[in-house]
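Residue numbers (the UniProt record's numbering), protein chains in the order written: chain A, 1 to 829; chain B, 1 to 829.
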């Protein structure tokens with residue numbers, strides 16, 4: 001097992017002051033294999049190319065430093081003075097030179113090979129690098145004409161960075177060419193794979209920092225190649241950037257011996273190509289080695305694709321990975337105040353921190369910046385000189401301009417046959433049951449079938465598609481699988497468009513990458529475990545919020561969650577699988593981007609899904625059961641219900657037009673069942689009581705209109721929930737969440753919510769609702785306790801309900817299943 | 001690089017009907033190394049041992065099946081009839097036989113080597129296995145005498161499983177010997193490492209399922225060995241269990257060619273030992289191979305520990321990992337209704353689903369169970385026969401009885417010097433600033449120093465200890481590091497007790513394992529990114545809630561989060577690092593176990609930390625800044641403030657005893673600053689206004705006493721927040737969260753909350769609060785708008801505040817820093 005080393009032909013300057021990152025001191029173990037030998041001691045760059053790539057790199061580095069430090073004087077046309085320096089120095093220098101190096105070299109190969117390529121930059125806190133290169137390539141100025149490619153533009157570019165009214169310090173939606181926010185680490189690989197799925201002509205160059213590589217999501221992100229079809233998908237070229245340090249620590253991967261690192265990368269399914277130019281990091285040697293590595297990697301990608309596409313090979317390729325070691329903060333100050341900086345964690349943010357107050361720091365900054373020889377890179381007017389830009393690709397081939405990274409430009413609407421097409425017949429509500437998820441599965445099947453040619457829709461899930469009753473989709477496509485096949489296998493295919501891996505992180509990350517490059521998808525997950533991606537949700541919501549404010553970012557398809565196997569039906573699993581709080585989390589995000597739907601039955605789920613699949617720039621959370629549950633609405637009523645978001649179900653109540661005595665409201669399938677059973681009990685036992693039944697499918701409707709675009713006006717809200725009338729609300733999740741939505745409403749003091757309260761374990765469906773006080777008997781008692789004047793009239797009924805609850809308790813412990821009158825209950829009105 | 005194969009000497013029965021899991025069909029690549037050769041074709045088990053280990057295994061399998069299916073007739077003393085079968089069949093069979101096999105073999109080596117061992121079972125949905133073995137070993141009956149080791153006990157054991165009033169179907173707190181809930185997958189390795197840190201005599205045998213292995217947390221969990229000190233820590237023996245399938249899919253790792261899998265495991269820092277008994281899975285051959293593998297692995301662990309402890313080796317050992325392939329649902333029905341079941345994903349839950357209604361299923365179940373030959377395993381009274389139990393260890397050495405797995409039994413209180421010891425002097429409030437986190441760092445330093453001998457306290461964090469200003473801890477210990485060292489390194493040591501890896505999952509998982517084995521710790525994280533472990537928090541909270549209800553589970557030290565680098569001070573990072581919603585998530589968990597503290601200054605943080613470190617069975621979330629911020633309270637006042645949780649700061653207001661005109665309340669350091677500045681402006685400009693200043697440090701105090709053990713009575717709440725008096729509340733997080741806590745309070749209609757609203761980017765500290773309407777000027781306007789009769793009097797002031805906000809807007813865009821009057825503001829009263 002030999003590694004490949006792309007070694008530059010330039011003479012390594014071993015007198016360089018920058019220490020090598022992470023040369024390990026451990027002795028080789030007893031079974032050490034021979035060291036990898038250099039396969040490429042080539043010098044693929046001509047002298048001209050070398051000059052250009054180095055000039056571009058220096059220019060980008062210069063601009064990165066300038067962004068961190070400078071207000072005016074961008075070209076250093078006068079000696080640096082303290083007033084040229086930003087009062088607050090904010091940014092991350094350490095990763096920039098490595099990112100700029102990669103970018104400069106990608107420009108060359110894009111041009112030479114006419115590549116359709118995007119870059120995904122894991123170490124996205126190196127914002128100054130991406131901004132610098134976008135400006136050098138002209139894209140920044142096309143979006144922001146006031147920030148032209150001249151001295152004034154350069155001044156604005158530097159000033160705006162991490163400055164009030166300017167741009168953030170990370171790679172963010174504001175940075176053209178990016179689909180990846182670099183704030184929270186771990187998702188670069190998943191995003192890159194998501195981008196290339198169903199984009200056979202695309203290559204995503206993905207820089208994975210050695211900090212990020214320690215995260216769990218990155219660690220399993222490598223295995224995405226097990227679901228990458230070399231025929232229908234593009235390629236990801238991971239570039240593992242070992243700069244040796246995190247914020248204040250060495251990194252694990254940089255301190256592994258090379259044979260252990262190589263074993264790891266091979267275990268991930270990759271063939272490593274090391275960029276190795278000796279310990280001195282002579283730029284010319286590194287450039288030649290990097291160029292050789294890129295050429296080799298791209299040749300191997302082409303060969304693998306050719307083998308699969310033209311020669312019919314079905315072997316999973318051992319895709320190349322480039323391993324680039326370079327010193328953290330390379331080309332920055334070697335030493336500051338007597339401590340080593342370049343090549344250490346001290347380069348992470350701002351290497352020289354006291355520039356305004358310490359004349360030696362100021363002088364050191366000036367000499368650092370002048371060391372890039374800006375006069376060779378920019379003319380007097382601040383324009384990049386032609387040789388700097390000689391390898392910049394043209395038009396949309398530029399990394400910052402590639403349309404895949406502004407996916408809305410490429411989005412085509414999904415072919416949707418409409419909810420009616422899949423409707424289940426409902427002759428009498430509450431008498432026949434269907435599985436909502438299974439019904440939806442037929443709609444998703446057809447979306448998959450109708451996109452078999454366009455290949456712009458996928459279904460993602462952590463090994464739960466069948467468990468979640470969506471198996472109809474296998475009539476249209478299969479689960480993607482690139483490893484070995486066995487006779488017993490079912491529904492697996494190399495070109496399948498259902499992606500299943502037991503990693504919610506991968507599912508979410510792939511889908512995000514797929515959406516941000518303009519395609520559509522659904523992520524189906526167990527409700528409890530979608531919390532695994534809570535933090536990813538945060539980042540995507542922030543991305544969408546900011547994107548919507550940028551006119552040049554085109555709307556992308558929404559992120560659709562189908563949360564099934566929900567809190568109320570964990571018969572197989574119990575307490576650990578019961579958590580309905582993802583909604584609470586989602587609702588904290590910007591109201592512009594979040595929607596939550598709780599369809600009560602199969603037809604309403606179809607109507608919700610139809611709406612969600614056609615939407616843009618949103619996060620739609622849809623919670624629906626997989627077990628058969630009662631149908632309440634025919635498809636027309638379901639569509640109207642979704643249109644309204646909150647409906648009075650007049651047919652269910654005994655409210656004959658006037659003011660009701662009580663409102664029974666429900667959101668969610670299990671609460672709807674219990675609320676309907678409650679209404680039934682009340683109509684039976686207290687026929688004179690005017691009961692209004694309300695169903696909430698669009699949860700954000702409960703918010704005030706000023707707070708959320710879906711919010712109801714107070715007038716509309718009051719019409720449904722008349723102030724002064726007790727409301728008994730059965731809610732799918734934590735009960736206080738409904739209060740958090742409604743606390744400003746006039747009728748809020750009259751609202752009583754029942755929901756889930758962290759009480760449960762493996763048990764029967766009805767016992768779950770009893771444990772959490774959401775059962776019909778408890779709800780009847782709530783009504784009696786809250787409707788004025790009812791206590792006396794209802795006292796016998798109240799006692800009967802109490803007795804019934806106790807009877808239930810004993811019954812299930814004896815029989816292991818729910819009371820017959822609960823199991824056999826149907827709506828009778 | 002040769003793999004090691006422990007191959008049993010028994011003749012492989014190739015006619016067996018069970019297909020091998022995941023033999024890959026891909027051809028070997030061009031650089032394929034020679035296949036690993038068997039190092040061990042030994043038969044370490046004597047005939048007696050083989051008989052016992054097989055009998056134990058069969059007994060455990062029998063009991064597992066019985067738990068899924070049977071109500072009475074546990075010994076099959078009469079032919080199975082439908083009424084013997086549970087009406088609802090709930091549970092997961094597929095993983096049980098493999099788990100039972102491992103357990104049976106661990107029993108042997110524990111006895112032979114007098115091992116102090118616990119087991120951590122990743123595939124914890126195999127609950128029937130762990131319950132069966134705990135009963136066989138006698139531990140279950142010691143805890144539950146009514147469930148004795150006899151026929152009646154066996155009947156109860158089977159009936160209670162996943163049955164109302166019984167036990168959950170997963171390995172949960174109810175299962176003795178476990179520190180790991182098997183519901184959500186991914187954390188077994190991290191828990192196992194957490195358990196063995198600072199337990200040099202302990203071995204944690206950790207079964208990692210091939211499903212779990214696909215998760216991100218598991219994928220980086222392997223790298224925990226980079227921070228395992230062979231001298232001061234025990235050992236983790238991972239057993240990668242490849243049964244080939246997840247719920248409905250093959251697994252990635254089971255379908256890798258062996259050389260790729262071996263590379264991966266070596267890349268993780270392990271030396272693989274394969275249990276290989278041929279494709280037929282002849283039990284005798286597997287037993288011999290498994291025994292040989294275990295002996296080899298434990299020998300290697302001993303050798304590595306000896307080398308480090310006795311010979312002073314500082315090389316990181318290549319710890320053994322056992323790779324066990326066995327068919328999913330092994331020994332279960334080979335075929336059901338014409339479809340293959342054993343060895344496929346169809347074994348995942350209940351292989352025979354129609355046992356009550358389908359006579360052939362019933363017959364198949366009976367023949368399956370009788371196939372274990374129960375009469376050889378249990379006597380007529382249902383007692384396990386002596387030869388079955390011959391290898392069960394004694395007393396606390398039994399896996400289900402090991403005290404490390406009931407860590408409260410081993411917990412020793414931390415030596416705490418008390419908050420006063422670290423107090424910062426506060427002569428005049430609001431005039432001198434300290435970094436709260438830095439101040440706390442000195443307390444943590446001494447806890448680390450004072451536990452240098454007992455080694456029962458650790459600090460965990462994702463590479464942020466210094467960034468979070470806790471670096472004083474390095475005076476007492478270092479960061480643990482087992483890889484190569486470079487001259488530039490600082491604060492690294494092989495025996496360090498600060499654990500830093502850029503993986504919140506590892507940090508949380510290690511800490512959980514450390515706590516559940518009875519030790520103490522703190523997890524310091526950026527506030528925004530602690531959402532990465534939201535789902536882990538869920539599981540730990542559920543674990544604690546259930547544990548507290550089990551009298552035999554002793555209280556363990558609390559899980560302490562220090563969330564610093566919080567939402568209001570992300571100057572370097574911006575929007576992606578701004579999320580204060582973890583508290584909202586935590587507050588959804590059982591009130592018995594969650595506490596949230598928002599200390600306003602350094603001394604209050606000390607008082608909170610002192611309380612948290614002494615607590616048990618809680619999750620304490622402490623949010624505090626790292627930047628210098630004003631000191632408000634001397635240490636005596638801080639201690640009293642924490643004691644009360646909510647305090648009126650009489651010295652800060654102009655409320656002279658009577659009913660105030662307005663209450664200004666704050667929770668969090670930044671809100672406290674703005675609320676104090678607001679109070680100051682009001683006292684200056686509206687001196688006749690009676691202003692009460694309230695500070696909330698213990699957020700759960702705002703809940704009603706009926707809802708939370710820390711909740712205030714309505715009477716106490718009303719005394720602080722008089723109903724009818726406007727309350728302007730500056731809150732650290734999302735404003736609606738305060739409403740969610742207080743919606744039942746009498747004064748709730750008078751409450752107006754300002755907090756964070758997803759508006760922000762990289763900017764100055766004051767601009768952040770302005771963007772989110774939490775600034776002093778906006779708050780003064782709020783007061784004017786809400787205090788009756790103030791609009792007219794305050795109109796000029798209101799306009800001035802409005803102007804000041806506009807002035808701020810222009811100023812920061814010009815100067816890049818906050819207004820001088822904001823930067824230089826001090827409390828002057």
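All C-beta atoms, glycine included, are put in the ideal place defined by N, C-alpha and C.
Contacts with chain A at 8 Å (Cβ-Cβ) do not include residue 804 of chain B.
Secondary structure within the stretch 220-295 of chain A: the alpha helix (DSSP H) runs of 4 or more consecutive residues, fully enclosed, are 258-267 (chain order). Shortest Cα-Cα distance from residue 411 of chain A to any of A/764, A/558, A/181 involves A/558. In the DSSP annotation of this structure, the continuous segment of the alpha helix (DSSP H) that includes residue 98 of chain B starts and ends at 96-113. Take the alpha-carbon of residue 154 of chain A and the one of residue 508 of chain A: they are about 38 Å apart. Interface annotation, residue 435 of chain B: not in contact with chain A, CB-CB separation never under 8 Å. Spatial neighbours of residue 409 of chain B in its own chain (CB-CB distance under 8 Å, excluding positions within 5 residues in sequence) are listed in chain order as 403, 518, 554. Listed by position along chain B, the residues whose Cβ is nearer than 7 Å to that of residue 736 of chain A are 740.
Runs of the beta strand (DSSP E) spanning 3 or more residues and lying entirely within the stretch 140-183 of chain A do not occur at all. Burial state of residue 384 of chain B is buried, judged by a 10 Å Cβ sphere holding 16 or more other Cβ atoms.
In the pairwise beta carbon analysis, the stretch 807-821 of chain B is classified as not touching the stretch 697-712 of chain B: fewer than three pairs are separated by under 8 Å.
The beta-carbon of residue 460 of chain A is placed no less than 8 Å from the nearest beta-carbon of chain B. Collapsing the DSSP output to three states places residue 366 of chain B in a helix. Using a CB distance cut-off of 8 Å, residue 743 of chain B counts as an interface residue toward chain A.
Chain-order list of chain B residues neighbouring residue 644 of chain A: empty, with the shortest C-beta distance near 24 Å, by a criterion of under 8 Å. DSSP places residue 575 of chain A in the helix class (H, G or I) of the three-state scheme. Within 10 angstroms of the beta-carbon of residue 271 of chain A lie 16 or more other beta-carbons, which makes it buried. Taking a 10 Å sphere around the C-beta of residue 421 of chain A, we find fewer than 16 other C-beta atoms and assign the residue as exposed. For residue 808 of chain B, the enclosing alpha helix (DSSP H) begins and ends at 795-815.
Around residue 590 of chain A, the beta-carbon contacts reaching into chain B at under 9 Å are 757, 758, 759. The beta strand (DSSP E) runs lying completely inside the stretch 450-478 of chain A and spanning 3 residues or more are 457-461, given in chain order.
The three-state secondary structure of residue 345 of chain B, taken from DSSP, is helix. Chain B places no beta carbon closer than 8 Å to that of residue 197 of chain A, leaving this residue out of the contacts. Residue 678 of chain A: not part of any beta strand (DSSP E); member of the alpha helix (DSSP H) spanning 669-685, first to last residue. In terms of Cβ geometry, residue 575 of chain A and residue 350 of chain B do not form a close pair [threshold 8 Å]. Residue pairing by DSSP puts residue 520 of chain A in a beta bridge opposite A/457.
Rounded to the nearest whole angstrom, the C-alpha separation of residue 522 of chain B and residue 459 of chain B is 5 Å. Around the C-beta of residue 164 of chain B, 16 or more other C-beta atoms lie within 10 Å, and the residue is accordingly described as buried. Think of a sphere of 9 Å around the beta carbon of residue 764 of chain A: the chain B residues whose beta carbon falls inside it are 88, 164, in chain order.
Separation of the CB atoms of residue 329 of chain A and residue 57 of chain A is rounded to 14 Å, and the pair is thereby denied contact status at 8 Å.
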